[in-house]
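Residue numbers (my numbering): 136 to 394.
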């Protein structure tokens, strides 16, 4: 792919920023990515070129790029430059998949599509997705297998308005991860997710999909996936059989909120 042209970035007037200058630079970069002017996989111009176009110092630009790299929106590759991040299996495992075997083995799950339906949103997903109850949604059920065992039951709810043209065949035959499908086919980049976890007992869905005894202790994780501007694009409830697997998350200090 060709690199993005530096003239895309306009000069910034520091006196009118109203916030730290590096945050204005960060917002300009985010706007270019969100608008599609800097698509996933594209190489950004050199830091010297961008800083010159914006009229800011290299240090100011680098601080903005550092935050975007820490947030997995940009990727630095030694000797090759800075790229707009794409979704792939490695990023999925590192950033969004937190289940591993008790001995520390972490690998990409095999995903079986259980169901694909067009429904009306219930209260919980509607609230999470900033929809009205009854709005049209797509609901997808998946079974995730690790080391040959059914470990996770996922129920995803997607706003129909954001995923026009998504069919069961298209979803089933995607070549990569689910988030890669969102990005490549619908222009939706999942940047981060909010999760809430609690202990629960296996309900009839977990019994049906994971072949668990009714009432067996499981872990329930509710996730809302967010794109630019913290806009919700997916609501997911995961039921995890923790008999031989753990939910493991690396905690670190956040680089800063998205502007």
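Glycine is no exception: its CB is placed at the ideal position from the N, C-alpha and C atoms.
Paired residues, beta bridge with residue i - DSSP
i           : result
residue 362 : 366
residue 217 : 211
residue 382 : 234
residue 354 : 334 and 375
residue 292 : 274 and 370
residue 245 : 280
residue 178 : 218
Member of the options whose CA lies at the smallest distance from the CA of residue i
i           : options               : result
residue 231 : 377, 378, 268 and 373 : 373
residue 313 : 279, 341 and 337      : 279
residue 361 : 263, 153, 246 and 249 : 263
residue 205 : 166, 161 and 367      : 161
residue 269 : 299, 277 and 260      : 260
residue 168 : 146, 194, 209 and 147 : 209
residue 271 : 299, 186 and 324      : 299
residue 255 : 344, 234, 213 and 295 : 295
residue 380 : 189, 239 and 297      : 239
residue 275 : 251, 318 and 143      : 251
residue 325 : 201, 302, 213 and 207 : 207
residue 211 : 242, 181 and 301      : 181
residue 378 : 191, 366, 215 and 284 : 284
residue 307 : 334, 335 and 277      : 277
residue 327 : 258, 366 and 304      : 366
residue 227 : 215, 242, 213 and 214 : 242
residue 430 : 201, 148, 170 and 214 : Only positions 136 to 394 of the chain appear in the structure, and residue 430 is not among them; the question remains open.
Contact under 8 Å by Cβ, residue i with residue j
i           : j           : result
residue 179 : residue 221 : no
residue 358 : residue 371 : yes
residue 342 : residue 376 : no
residue 286 : residue 234 : yes
residue 363 : residue 165 : yes
residue 404 : residue 282 : Given a span of 136 to 394 for the chain in the structure shown, any question on residue 404 remains unanswerable.
residue 297 : residue 323 : yes
Whole-number beta carbon distance between residue j and residue i, since they are thought to touch under 8 Å
i           : j           : result
residue 337 : residue 347 : 4 Å
residue 253 : residue 273 : 6 Å
residue 248 : residue 288 : Wrong, their Cβ atoms sit about 12 Å apart, outside the cutoff.
residue 369 : residue 293 : 6 Å
residue 203 : residue 172 : Not really, about 15 Å apart at Cβ, beyond 8 Å.
residue 199 : residue 157 : 5 Å
residue 246 : residue 177 : Between residue 177 and residue 246 the Cβ distance is about 28 Å, and since that is not below 8 Å, they are no contact.
Environment of residue i [buried if 16+ CB atoms lie within 10 Å]
i           : result
residue 383 : exposed
residue 163 : buried
residue 229 : exposed
residue 329 : exposed
residue 266 : buried
residue 244 : buried
residue 146 : exposed
residue 155 : exposed
residue 310 : exposed
residue 183 : exposed
residue 349 : exposed
residue 385 : exposed
residue 237 : exposed
residue 392 : Any reading at residue 392 needs caution, since the residue's pLDDT is 47, under 50, leaving its predicted position unreliable; the model's value is listed next. Under this definition residue 392 is an exposed residue.
residue 136 : Confidence in residue 136 is poor, its pLDDT being 44 and thus under 50, which makes the residue's placement too unreliable to answer from.
residue 186 : buried
residue 394 : With a pLDDT of 43 at residue 394, under the threshold of 50, the predicted position of this residue should be treated as unreliable, though the coordinate-derived value follows. Exposed.
residue 304 : exposed
Neighbour flag for residue i against chain C, beta carbons, 8 Å
i           : result
residue 197 : Structure shown: chain C not included; a single protein chain is present.
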